[in-house]
Amino acid sequence: TAVGERGIRELGIGLRESGLQFAKAFSSDSGRTIQTMGIMLEELGLTGRIPYRTDKRLREWCFGSFDGAYDGELFMGVMPRVFNVEHVHQLSYPELAEGLVEVDTAGWAESWEKLSSRIWEGFSDIAKEIEAAGGGNALIVSHGMTIGTFVYLIDQTRSHGLDNGSVTVIEYETGRFTVDCIGDMSYRTVGKKYLDDGEQD
């Protein structure tokens, strides 16, 4: 959408204005993340200047027979009923994953073991690759629940509600991940001001 695209431009501009440098870029292989990365690399002035590739392990959770359905149906209706809770936020990621497997009539939903392994390996391999090449920042575009799951696997005590266009920073050193920040919207705020000011000129 035009609104979504503007939000990604805000993020790209905010990252550019911060002076952050990126060694490589990665995204899931979904059309939406590829488009998002294209806009961000353009705003950062990095299109064709840093290596970029897609990795299917960074894909969003597969919601099985609910894939493509309105999220609210699954998260506000079906899952709370299955677990007899008022709200889906009362459930942990492993409980959610196993609940999905239970209600999925298509047989596509991933078990927690399969899902968490896929996500962990996807991000870990990127970290190792960057480290082996001498370090630096990786720019990664993934999906809300996938990023939230990765944060959960590193540190279960951290909250993991993520807005579109937010930035989560994970540090990796000598084989260990630490969560620096989750769902930071400050880059978008900077980018929004930049775009708003430009429109007023």
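Be aware that the sequence shown starts at 72, since it is given in my numbering, and climbs by one per residue.
Yeah, the Cβ is synthetic: ideal placement off N, Cα and C, and Gly gets one too.
The model shown is predicted, which means the values in this text are computed figures rather than measured ones.
Sequence-distant residues of the same chain with beta carbon closer than 8 Å to residue i, five excluded per side
| i | result |
| --- | --- |
| Leu-233 | Gly-215, Ile-218, Gly-219, Thr-239, Ile-253 and Gly-254 |
| Arg-80 | Ile-110, Glu-114, Gly-262 and Leu-266 |
| Ser-101 | Arg-130, Glu-131 and His-214 |
| Val-159 | Phe-146, Met-147, Met-150, Pro-151 and Leu-167 |
| Gly-170 | Met-150, Val-153, Phe-154 and Leu-162 |
Residue i, buried or exposed, once every other Cβ within 10 Å from all chains shown has been counted against 16
| i | result |
| --- | --- |
| Gly-206 | exposed |
| Glu-113 | exposed |
| Gly-139 | exposed |
| Gly-90 | exposed |
| Gly-236 | buried |
7 Å CB neighbourhood of residue i in its chain, flanking five on each side removed
| i | result |
| --- | --- |
| Val-250 | Val-222, Ile-225, Asp-226, Arg-229 and Ile-241 |
| Val-156 | Leu-162 |
| Leu-145 | Phe-134 and Phe-137 |
| Val-172 | Ala-180 and Ser-182 |
| Ile-105 | Ser-98 and Thr-125 |
| Met-108 | Ala-96, Ser-98, Tyr-123 and Val-212 |
6 Å CB neighbourhood of residue i in its chain, flanking five on each side removed
| i | result |
| --- | --- |
| Gly-193 | Asp-126, Arg-128 and Leu-129 |
| Ala-168 | Trp-183 and Leu-186 |
| Phe-248 | Ile-225 and Ile-241 |
| Trp-191 | Leu-224 |
| Tyr-243 | Ala-198 |
| Asp-175 | Gly-135 and Ser-136 |
| Asp-268 | none |
Residues bridged to residue i (per DSSP)
| i | result |
| --- | --- |
| Lys-95 | Ala-209 |
| Phe-248 | Tyr-243 |
| Tyr-123 | Ala-96 |
| Asp-255 | Val-238 |
Are the stretch 245-265 and the stretch 76-89 touching, with three or more C-beta to C-beta distances below 8 Å?
The stretch 245-265 is in contact with the stretch 76-89.
Whether or not the stretch 162-182 and the stretch 112-124 are in contact is what I'm after, with contact meaning three or more pairs of Cβ atoms, one per stretch, closer than 8 Å; do they touch?
no
Segment contact, 8 Å Cβ cut-off, at least three pairs: the stretch 92-108 with the stretch 186-204
yes
Those runs of the alpha helix (DSSP H) which lie wholly inside the stretch 161-228 and span at least 4 residues:
164-174, 183-203 and 215-225
Three or more C-beta pairs below 8 Å linking the stretch 182-189 and the stretch 134-153
no
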